[in-house]
Every structure is written in C-alpha cells, then in structure tokens.
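Counted the way numbering that gives the first Met the number 0 counts, the sequence shown spans residues 0 to 169. Glycine included, each C-beta is placed from N, C-alpha and C at the ideal position. The structure under discussion appears below in the form of structure tokens.
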Amino acid sequence: MTGGRIVCVHCGGVSTARRHDRPWCQQCGCYLTLDPAVGEWVSFAEKLWRENEARNVQWFDQTRTNLRRQLDDIRSVVPDGWTTHVNDPGRGLACIDIAPPADRIDVSARLYPPHDGQPGGWYVRINNRTRHVDFPLYIAGGAHAAFFTTAAIATHGAIQTVRGELLASY
Ligand SMILES: [Zn+2]
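This is the structure we're talking about:
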C-alpha cells in the first residue's frame, strides 16, 4: 500500500481520483481494489483472477495430498505387472497413472481424486493412444461421467475399462 498512497499495480501510477466512491486509475480507466494478501491495488478483474489462481493452487495441493494418502490402496488393487505412478505436472492437477504391462496397444488410465469444490468422488479417464481416444468413465447407460466413492473402486473401474480397450483394439 506504499504509505497510504494508492499505487495502481498495472501502470505504476498514483491514483488520487475516485468514482462512485471507489479509487479509480485514470491512466488504466479502471477501478482499483486492494488485494489484501500482498497489499497491492489492482483492477477488479485482476483481483478475481488472483482469487481464482489461489483457489486452484489450493486445489492442486489438496489433490497431491489426497493422492499420496491413497496410493497404497490403489496399488493393492492393481494387478501384477501393471504400473502405478503419480503424474504431477507441478503447476496443475496431479493424478495417478495406471498402465498395463507394455503391449502393442498403448492404453492407460488416469485417476483424479475428489476435492472440496466438486461433488462426487474419484474420477477416471482412459487414454488409448493406439486408437487416439481419451474419455472419462461414464455411469452405465448415462451421459454423465462416473464418480467413485473410494480410490480402490475407481481403480477397479479403470482396470476393467483398460482391459476392455485392450481387447477392442486388437
Ligand atoms: Zn493504472
């Protein structure tokens, strides 16, 4: 907040104008609002974007913690010869990759854990690189993606579908 002055973070100018009783940056032509986390005056659009980013980072962290907690459960369901590993893009949504033993059909599953902002549970996507298809597991007969209550059930569903893809791709 630099000593009570309102410095616009976008243009670096000092804002003294007000509109509708709010700080206004004449140079940028936007209202300014305080981002209390860092003490910067930003546009409302920027503030929204920052809040969204913060929520995403929280979600990514939550996902990582969830995955680490469930990894043993998931591994206990995966058949011998299959591989399981955490796929962590760093800045992004981590998941668990489950793949059958190497084959000329290249197919694997990705498991995404639930998080606070989303109802449901574990979510599974199948990626068949041989057939160039990538799809979520659906509720039987429905058009909605399936959510599984536990990691083990999601893993079971993933394995069944990967096996189905292996058979269908030959
Ligand atoms: Zn400005």
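CB of glycine 28 to nearest heavy atom of ligand 1: below 6 Å?
no
Mapping the DSSP letters down to three states, classify phenylalanine 147 as helix, strand or coil.
strand
Using CA coordinates, which residue listed in Phe43, Val37 and Ala36 is at the minimum distance from proline 22?
Phe43
Whole-angstrom distance between isoleucine 125 and alanine 157, CA atom to CA atom
7 Å
Span separating the alpha-carbon of glutamate 45 from that of valine 106
41 Å
Return yes when the C-beta of glycine 12 is under 6 Å from any heavy atom of ligand 1, and no when it is not.
yes
Go to tryptophan 40, then tell me how far its beta strand (DSSP E) extends in each direction, as first and last residue.
39 to 41
According to DSSP, which residues form a beta bridge with proline 135?
Arg124
State yes or no: is the C-beta of cysteine 7 within less than 7 Å of the C-beta of tryptophan 58?
no
Does the count of Cβ pairs from the region 148 to 156 and the region 63 to 82 closer than 8 Å reach three?
yes
Cutoff 7 Å; reference alanine 16; Cβ partners in own chain excluding five residues on either side:
Trp23 and Gln25
Inter-stretch contact (C-beta, 8 Å, three-pair minimum) for the region 84 to 97 and the region 55 to 70
yes
Just tell me which of Gly119, Arg128 and Ala108 has its CA closest to the CA of proline 135.
Ala108
Determine the direct distance from the alpha carbon of alanine 139 to that of leucine 165, and round the result to whole angstroms.
20 Å
Can you list, in chain order, the stretches of the beta strand (DSSP E) that have 3 or more residues and sit fully within the region 9 to 65?
16 to 18, 21 to 24, 32 to 34 and 39 to 41
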